[in-house]
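K.L.:
Each residue of the sequence shown is one higher than the last, beginning at 8 in the numbering used here. Idealized CB from N, CA, C, for every residue including glycine. Small disclaimer: the values here were computed from a predicted structure and weren't measured.
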Amino acid sequence: MSTFTEGPSGLRLVVHCDGACIGNPGPGGWAATIKVMDGDQEISRTQVVGSEPAQTTNVRMEMSGAIGALRALPENDGTPVAVFCDNNLVSKGMNEWLSGWINRGWRTGDKRPVANRDLWQELLTLSAGRDISWHWVKGHAGDPHNEEVDALANAAARQALQLAQGG
8 MSTFTEGPSG
18 LRLVVHCDGA
28 CIGNPGPGGW
38 AATIKVMDGD
48 QEISRTQVVG
58 SEPAQTTNVR
68 MEMSGAIGAL
78 RALPENDGTP
88 VAVFCDNNLV
98 SKGMNEWLSG
108 WINRGWRTGD
118 KRPVANRDLW
128 QELLTLSAGR
138 DISWHWVKGH
148 AGDPHNEEVD
158 ALANAAARQA
168 LQLAQGG
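Spelled out as structure tokens, the structure:
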């Protein structure tokens, strides 16, 4: 049973995303799956994967997984989207902290600049006008969807490392 609503057509989009970094900072990769669901039936599935051979962080790659997924979503027709990620920072940021950061001029509660502001702003822009719910899923706990995107993100990070090493 789903934990979020279906759209007027009965369809919903389910996103699982993850990021990985070798070295942290170091080369990184991200991945996401996007499933179109009709009830409990998967209608279609898309995978998106990316990498960053330059120095990056695990958090930036986690956020990039969500961004990559949102960029790859079909045109907004009101279909609800549920995004699942194993980085609690992403779900808490989108669900709890973002409005406060904006109200404080992109400052945290203790007045420091928000880290990765560029990516938060992109998530905000890509989410605008969509019915999106953000969910945390425990990583490395046997969730097959999370394990899939984890493997894809780690493969992308290894590929980024090879590129960074000139191979």
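According to DSSP, what are the bridge partners of residue 23?
P.N.:
Here residue 23 refers to the residue found at position 16 of the sequence shown. DSSP output for residue 23 lists 40 and 91 as bridge partner(s).
K.L.:
How about residue 59 and residue 68: do their beta carbons lie closer than 8 Å?
P.N.:
Within the sequence shown, numbered from 1, the residue matching residue 59 stands at position 52. Within the sequence shown, numbered from 1, the residue matching residue 68 stands at position 61. Yes, they are a contact pair.
K.L.:
Near residue 171, which residues of its chain fall below 6 Å by C-beta distance, leaving aside the five closest residues on each side in sequence?
P.N.:
Your numbering for residue 171 matches position 164 in the sequence shown. Correct list, in chain order: 34 and 60.
K.L.:
Tell me, to the nearest whole angstrom, how far the beta carbon of residue 89 is from that of residue 142; I am working on the premise that it is less than 8 Å.
P.N.:
Within the sequence shown, numbered from 1, the residue matching residue 89 stands at position 82. Within the sequence shown, numbered from 1, the residue matching residue 142 stands at position 135. Correct: roughly 6 Å between the Cβ atoms.
K.L.:
Does chain D have any CB closer than 8 Å to the CB of residue 107?
P.N.:
This model lacks chain D altogether, as it is built from one protein chain only.
K.L.:
Could you tell me the alpha carbon to alpha carbon distance between residue 102 and residue 108, rounded to whole angstroms?
P.N.:
In the sequence shown, the residue the question calls residue 102 occupies position 95. In the sequence shown, the residue the question calls residue 108 occupies position 101. Approximately 12 Å, taken between the alpha carbons.
K.L.:
Reducing DSSP to helix, strand and coil, say where residue 122 ends up.
P.N.:
As a working mapping, residue 122 is identified with position 115 in the sequence shown. Residue 122: coil per DSSP, three-state reduction.
K.L.:
Report whether the distance from the Cβ of residue 36 to the nearest heavy atom of the ligand MG is below 7 Å.
P.N.:
Only the bare structure without any ligand can be found here, which leaves the ligand MG out of the picture.
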